[in-house]
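Here is the structure we will look at, set down as structure tokens.
Numbering (the working numbering), first residue to last: 142 to 224.
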């Protein structure tokens, strides 16, 4: 069984945020995910854009996230179990 790494977990938390009007998880574009993770990371963290992209790909490969319509990404049921 796979488990999410720290950055993957941060991505899943972001993808797991609910739209308050629809009660459904919000779908994010890749650039939005990168920007949000960069905002929340520690100032002296070594997290780069490439590391975030690799973590997103890891989430997809492990079945924790999937690509939705319009190139956006969303959390899967398996991803919700990781949180």
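Beta carbons: idealized from backbone N, C-alpha and C, even for Gly.
Since we're looking at a predicted model, the values are computed, not measured.
Beyond the five residues adjoining it in sequence on each side, residue 166 comes within less than 8 Å, by CB distance, of 156, 157, 158, 159, 160, 215, 216 in the same chain, given in chain order.
DSSP places residue 196 outside any beta strand (DSSP E); the residue lies instead in the alpha helix (DSSP H), whose first and last residues are 190–202. With fewer than 16 other Cβ atoms inside 10 Å of its own Cβ, residue 170 counts as exposed. Distance from the CA of residue 193 to the CA of residue 181, rounded to the nearest whole angstrom, comes to 12 Å.
The shortest C-alpha to C-alpha distance from residue 177 to any of 201, 200, 151, 147 is the one to 151.
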